[in-house]
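Read the structure below first, then the notes.
In structure tokens, the structure reads:
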């Protein structure tokens, strides 16, 4: 589990994340939601030690995350930031192989190759595996990155807007894959997500941020309600119950 | 381009290179060499060939590493001030320690090259407008500033002629006893191969590297260290070889991709081949005189550089 306690981060006096505490249980999907600039990505980056925090602590299985050895941590926790601007010309398979780097340091063994094959299959990238990343569409690229994280085979998986650039079909495919990874393999997934309906249908726990503060958190049933969402997003929602899922209508 | 084509061309031109020159030495003499011919071959021709191959190979690899680490296809020892800094280092060495040995000069050139490249990387961090072409322009300006400091110092201390030697790459002076420093590049190239994965991953960005448990800073310093070492040894022996580290890796990227493990040998072979061909051209164009390789590499290199710039969208550079 991950225990985030009283974490803060400021850039030039402006508190981007302000005294946030979150508890992330093992074997669940936790979604961070909130408007643009609410501090979701910054929080995710601090939880995954990509940026240092000003205050507070992040305990991964009881130990402060920044005190872990880098290589060891890379075998337990993976994090994917929005990374559409990378212009490096490598193939999909090479990218996915990087997921094995923490284990192999570049020298791939048979079992590494096997896990790479599986990850490529899991994300249905077999047809593209020899293509260069810069020849792929945004969605294919995104799937390739997620396949890399799958190959990294960590207990904790943190994703910053994994549905960015994806069409409906592939968004659903990714969310289903994440759900399967949690239910079948016991992984723990934390995502920053804008589509609250995907958050509603697939998460076990939702954390709502506003102006750097955690304003609400809880099970989707408690969170996806007119009152909570109005306060988080400053707009009106119409929450309906469709086939047992809570779906927000807010388009008109 | 298939590896065996470039490999074959490399061997062909290597042999050709041995038998071009003013002294009479042809391939048919190989098994009946006169004492004079033997001397030409072992003192001049072979050292020259070896230094051409090593310099071409290692400068291209230095460029490849720099492009990978800076995430910019147009950064190279020429366009990041590395070469100019190394030259300033040599000059400072000549001023402060006139009796310094080759190794001591090398150390100074290395330290200056390292510091210069590092400063450039720091400038790169501060630039917000990160257009692919803008950055090498900044690097060229930075290099020229350092170059003008060198020229000024050389002028003040009457060393303009000496420093001129290192301005233009020239292999004609590389005879036995004067080129061995280049061998220093060989272990560096091997190190570059061993850490190929690390460089490629670091090239994907700091967050990406951290996720895989790689210390971005350490890889960056290692890469800059290797680049400075290569540049210093090449500038000190052969002189400045402009654009080499820029164009060769870019040509390889187009058909081989950016994964260093697969592109590093291609880059090495193509770099050696390019320098070899330029050198042969320089030796035959105004035969029996010679055009220095700095000029041929510069002319051909800047032409190809311009072509790559204009066509960069087509190749996704």
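Residue numbers (full-length UniProt numbering), protein chains in the order written: chain Z, 1 to 252; chain R, 1 to 317.
For every residue, glycine included, the Cβ atom is placed at its ideal position computed from N, Cα and C.
These numbers come from a predicted model, not from an experiment.
ask   = Can you give, in chain order, each stretch of the alpha helix (DSSP H) that sits fully within the segment 142-221 of chain R and has at least 4 residues?
value = 160-165, 185-194, 196-203, 206-211
task = Take the Cβ of residue 66(R) as the centre, count every other Cβ of all protein chains shown within 10 Å, and call the residue buried at 16 or more, exposed below.
result = By one-based count along the second chain, residue 66(R) stands at place 66. That one is buried.
ask   = For residue 132(Z), does the three-state DSSP call read helix, strand or coil?
value = As a working note, residue 132(Z) is residue 132 in the first chain. Strand at residue 132(Z).
query = Would a check of beta-carbon distances place residue 309(R) closer than 8 Å to chain Z?
reply = Counting from one through the second chain, the residue named residue 309(R) turns up at place 309. By this cut-off, residue 309(R) is not an interface position.
query = Cα-Cα, which of 185(R), 199(R), 93(R) is closest to residue 234(R)?
reply = Here residue 234(R) corresponds to residue number 234 of the second chain, with the count starting at 1. Closest by alpha carbon: 185(R).
Residue environment, residue 161(Z), which counts as buried when at least 16 other CB atoms sit within 10 Å = The residue given as residue 161(Z) occupies position 161 in the first chain. Buried, since its Cβ has 16 or more Cβ neighbours within 10 Å.
Residue closest to residue 143(Z), alpha-carbon to alpha-carbon, out of 243(Z), 53(Z), 92(Z), 250(Z) = As a working mapping, residue 143(Z) is identified with position 143 in the first chain. Of the candidates 243(Z), 53(Z), 92(Z), 250(Z), the one whose C-alpha sits nearest the C-alpha of residue 143(Z) is 92(Z).
query = With distances taken from CA atoms, which of 222(Z), 184(Z), 209(Z), 148(Z) is nearest residue 211(R)?
reply = Taking the first residue of the second chain as position 1, residue 211(R) is located at position 211. Of 222(Z), 184(Z), 209(Z), 148(Z), the residue nearest in Cα terms is 148(Z).
query = Apart from the five residues just before and just after residue 49(Z), which ones in its own chain have a Cβ nearer than 6 Å to its Cβ?
reply = For this step, residue 49(Z) is matched to residue 49 along the first chain. Closer than 6 Å at Cβ, skipping near neighbours: 65, 66.
message = Would residue 204(R) pass as an interface residue toward chain Z - the criterion being a Cβ-Cβ separation below 8 Å?
response = Residue numbering aside, residue 204(R) sits at position 204 when the second chain is read from its first letter. Chain Z contact via Cβ: present.
message = Strictly under 8 Å for the Cβ-Cβ distance: is residue 106(Z) near chain R by that measure?
response = Position 106 of the first chain holds residue 106(Z). So yes, residue 106(Z) belongs to the interface.
key: Where the beta strand (DSSP E) through residue 119(Z) begins and ends   = Taking the first residue of the first chain as 1, we reach residue 119(Z) at position 119. Annotation: residue 119(Z) is outside any beta strand (DSSP E); the continuous alpha helix (DSSP H) that includes it extends over 110-122.
query = Under 8 Å between C-beta atoms, does residue 250(R) make it to chain Z?
reply = Residue numbering aside, residue 250(R) sits at position 250 when the second chain is read from its first letter. It does not: the Cβ of residue 250(R) has no partner Cβ on chain Z nearer than 8 Å.
ask   = Any C-beta of chain R sitting closer than 8 Å to the C-beta of residue 66(Z)?
value = Counting from one through the first chain, the residue named residue 66(Z) turns up at place 66. Using beta-carbon distances, residue 66(Z) does not count as an interface residue toward chain R, since no partner is under 8 Å.
task = Name the two residues that bound the continuous beta strand (DSSP E) containing residue 33(Z).
result = Residue numbering aside, residue 33(Z) sits at position 33 when the first chain is read from its first letter. Run containing residue 33(Z): 29-33, per the beta strand (DSSP E) assignment.
ask   = Is residue 190(R) close to chain Z, meaning its C-beta is less than 8 Å from at least one C-beta of that chain?
value = Indexing the second chain from 1 puts residue 190(R) at position 190. At a cut-off of 8 Å between beta carbons, residue 190(R) makes no contact with chain Z.
key: Residues that residue 10(Z) bridges to, as DSSP identifies them   = Here residue 10(Z) corresponds to residue number 10 of the first chain, with the count starting at 1. Answer is 15(Z).
key: Given residue 9(Z) as reference, the closest of 194(Z), 46(Z), 71(Z) once Cα atoms are compared   = Translated into the one-based positions of the first chain, residue 9(Z) becomes position 9. Ranking the options by Cα distance to residue 9(Z), first place goes to 46(Z).
ask   = From the DSSP output, which residues share a beta bridge with residue 221(Z)?
value = Along the first chain, read from residue 1 onward, the residue named residue 221(Z) stands at position 221. None, per the DSSP bridge assignment.
inquiry  = Can you pull out the residues from the segment 254-272 of chain R whose beta carbon lies closer than 8 Å to at least one beta carbon of chain Z?
reply    = 257, 258, 259, 261
task = Go to residue 56(Z), then tell me how far its beta strand (DSSP E) extends in each direction, as first and last residue.
result = Here the question's residue 56(Z) lines up with position 56 in the first chain. 55-60 is the extent of the beta strand (DSSP E) around residue 56(Z).
message = Check for me: the alpha helix (DSSP H) holding residue 42(Z) runs from which residue to which?
response = Numbered from 1 along the first chain, position 42 holds the residue referred to as residue 42(Z). Looking at the DSSP string, the run of the alpha helix (DSSP H) that includes residue 42(Z) is 40-47.
request  = For residue 89(Z), decide whether its Cβ has a neighbour in chain R, counting only Cβ atoms nearer than 8 Å.
outcome  = Taking the first residue of the first chain as position 1, residue 89(Z) is located at position 89. Chain R contact via Cβ: present.
query = For residue 235(Z), does the count of other Cβ atoms within 10 angstroms reach 16, so buried, or fall short, so exposed?
reply = In the first chain, the residue the question calls residue 235(Z) occupies position 235. Exposed, because fewer than 16 other Cβ atoms sit within 10 Å of the Cβ of residue 235(Z).
task = Just the C-alpha distance for residue 220(R) and residue 33(R), rounded to the nearest angstrom, thanks.
result = Position 220 of the second chain, counted from the first residue, corresponds to residue 220(R). Position 33 of the second chain, counted from the first residue, corresponds to residue 33(R). Cα to Cα, the separation comes out at about 50 Å.
request  = Have a look at residue 178(R) and residue 236(R) and give me their C-alpha separation to the nearest angstrom.
outcome  = By 1-based counting over the second chain, the position of residue 178(R) is 178. By 1-based counting over the second chain, the position of residue 236(R) is 236. Distance between the alpha carbons of residue 178(R) and residue 236(R) is about 10 Å.
ask   = Do we get a CB-CB distance below 8 Å when we pair residue 144(R) with the residues of chain Z?
value = Residue numbering aside, residue 144(R) sits at position 144 when the second chain is read from its first letter. At a cut-off of 8 Å between beta carbons, residue 144(R) makes no contact with chain Z.
message = I need the boundaries of the alpha helix (DSSP H) containing residue 127(R), first residue and last residue.
response = On the second chain, residue 127(R) is found 127 positions in, with the first residue counted as 1. From DSSP, residue 127(R) is part of no alpha helix (DSSP H); its letter is neither H nor E.
message = I want to see whether chain Z comes within less than 8 Å of residue 213(R), judged by CB atoms only; does it?
response = As a position in the second chain, residue 213(R) is number 213, starting the count at 1. In terms of beta-carbon proximity, residue 213(R) lines the interface with chain Z, with at least one pair separated by less than 8 Å.
For residue 194(Z), the three-state DSSP class (helix, strand or coil) = Here residue 194(Z) refers to the residue found at position 194 of the first chain. Under the three-state reduction of DSSP, residue 194(Z) is assigned to coil, being neither helix nor strand.
ask   = Would you say residue 95(R) and residue 152(R) are within 8 Å of each other, going by their C-beta atoms?
value = The residue you call residue 95(R) lines up with position 95 of the second chain. The residue you call residue 152(R) lines up with position 152 of the second chain. The answer is no: Cβ separation not under 8 Å.
inquiry  = Can you tell me whether residue 20(R) is helix, strand or coil according to DSSP?
reply    = For this step, residue 20(R) is matched to residue 20 along the second chain. DSSP places residue 20(R) in coil when its eight states are reduced to three.
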